[in-house]
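Asks:
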């Protein structure tokens, strides 16, 4: 039975629950928008990294360079799309 | 078909390795799909017209239940792949079944949430905000729904054919898809719900 619950994945799960609880602080505690959004950015991106490395086995095989560069490219474009939209549509720097 | 025994079963053949890499490229495209939805959401979230704002309609309890269900299902699908690598077919099928049940429960809570939005007057036609909110949540929910059927068919196939390089490969790719949906949910949870209720 024990061998079915590897330490690495159990710890990954506990860690992701912990990150969710930390993120919840922005709801239950009173804080400024800047502080809150910083906490959310940090917890969300750490959480995504935990999933990628622990659960999706991204760095375990020979194709890891292709997998990481592909994921990096996808994330880079996502960041450009979101930040670019915020810049022109919300922050009025267009 | 040449099977390389030094690698996990799902990586055993050349074709299997190509399938996995191909699916990662698909996930790259999916990241961009959700990025455009998030970009549109951030643009439109304050354009509420005469409709309700996010802070008025979001409820913390169902959102927390959904988050917990999806996080746990992401953990159990990880355990399923681990059991698969140990060659424990029964345990693998058990974890996969638990994953699908958690996914189904998630979908149930999300449907409840959508009914709630309808009752408080937040429909697809109410405002730019409700339109992009329901489109973003709905796109994620549609992915989960598709995943439930996909996972169910894989479960049936493993029962019929056992753990072969082909079924192991399908299961592994399904696990990538499921973890990805969890990652998307983390961002929805943080930047739609928590940011909206802050």
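Chains as they are written, first to last, in the working numbering: chain G, 10 to 103; chain F, 39 to 236.
The beta-carbon is built from N, C-alpha and C at its ideal position, and this holds for glycine as well.
Using a cut-off of 7 Å between C-beta atoms, extract the partners of residue 45/G located in chain F.
Replies: Going along chain F in sequence order, the residues near residue 45/G (Cβ under 7 Å) are 236.
Asks: What number of angstroms, rounded off, separates the C-alpha of residue 70/G from the C-alpha of residue 156/F?
Replies: 47 Å
Asks: Of all the CB atoms in chain F, is at least one closer than 8 Å to the CB of residue 76/G?
Replies: yes
Asks: Do residue 109/F and residue 13/G have their C-beta atoms within less than 8 Å of each other?
Replies: no
Asks: For residue 149/F and residue 21/G, what's the separation of their Cα atoms in angstroms?
Replies: 29 Å
Asks: What residues in the segment 217 to 230 of chain F bring their beta carbon closer than 7 Å to a beta carbon of chain G?
Replies: 217, 220, 221, 224, 225, 228, 229
Asks: What's the C-alpha gap between residue 75/F and residue 191/F?
Replies: 29 Å
Asks: With 7 Å as the C-beta to C-beta threshold (strictly closer), list the residues of the segment 17 to 39 of chain G near chain F in chain order.
Replies: 18, 22, 25, 26, 29, 32, 35, 36
Asks: Quick test of the definition: if touching needs 3 or more C-beta pairs under 8 Å, does the segment 209 to 226 of chain F touch the segment 86 to 93 of chain F?
Replies: no
Asks: Who are the neighbours of residue 72/G on chain F, taking C-beta pairs under 8 Å?
Replies: Neighbours of residue 72/G in chain F, taken as residues whose beta carbon is under 8 Å from its own, are 55, 58, 59 in chain order.
Asks: Compare the C-beta of residue 62/G against all C-beta atoms of chain F and say whether one is closer than 8 Å.
Replies: no
Asks: Verify the CB distance criterion: does residue 70/F have a CB-CB separation below 8 Å to chain G?
Replies: yes
Asks: Applying the 10 Å Cβ sphere with the 16-neighbour rule, what's the burial state of residue 30/G?
Replies: Exposed, since its Cβ has fewer than 16 Cβ neighbours within 10 Å.
Asks: Where do the ends of the alpha helix (DSSP H) carrying residue 93/F lie?
Replies: Counting along the chain, the alpha helix (DSSP H) containing residue 93/F begins and ends at 92 to 95.
Asks: Could you tell me which of 80/F, 135/F, 44/F sits nearest to residue 186/F, measuring between CA atoms?
Replies: Ranking 80/F, 135/F, 44/F by Cα distance to residue 186/F puts 135/F first.
Asks: Is there a Cβ from chain F that is less than 8 Å from the Cβ of residue 3/G?
Replies: Residue 3/G lies beyond the range of chain G shown here (10 to 103); nothing can be said about it.
Asks: May I have the straight-line CA-CA distance separating residue 104/F from residue 113/F, to the nearest angstrom?
Replies: Straight-line Cα distance between these residues: approximately 14 Å.
Asks: For the putative contact between residue 210/F and residue 119/F, defined by C-beta atoms under 8 Å, what is the C-beta separation to the nearest angstrom?
Replies: 6 Å
Asks: Do residue 71/F and residue 166/F count as a contact pair if the criterion is CB distance below 8 Å?
Replies: no
Asks: Taking Cβ-Cβ distances shorter than 8 Å, what residues in chain F pair up with residue 104/G?
Replies: Because chain G here runs from 10 to 103, residue 104/G falls outside it and cannot be looked at.
Asks: Indicate whether residue 228/F and residue 34/G have their beta-carbon atoms separated by less than 8 Å.
Replies: no
Asks: Is it right to say residue 28/G is buried, meaning 16 or more other beta carbons lie within 10 angstroms of its own, or is it exposed?
Replies: buried
Asks: Listed from N- to C-terminal order along the chain, which residues in the segment 108 to 121 of chain F have their beta-carbon within a distance smaller than 7 Å of any beta-carbon of chain G?
Replies: Taking 7 Å as the Cβ-Cβ cut-off against chain G, the residues of the segment 108 to 121 of chain F that qualify are 109, 112, 113, 116, 117, 120, 121.
Asks: List the residues of chain F that residue 86/G touches, going by C-beta distances under 9 Å, in chain order.
Replies: 66, 69, 70, 73
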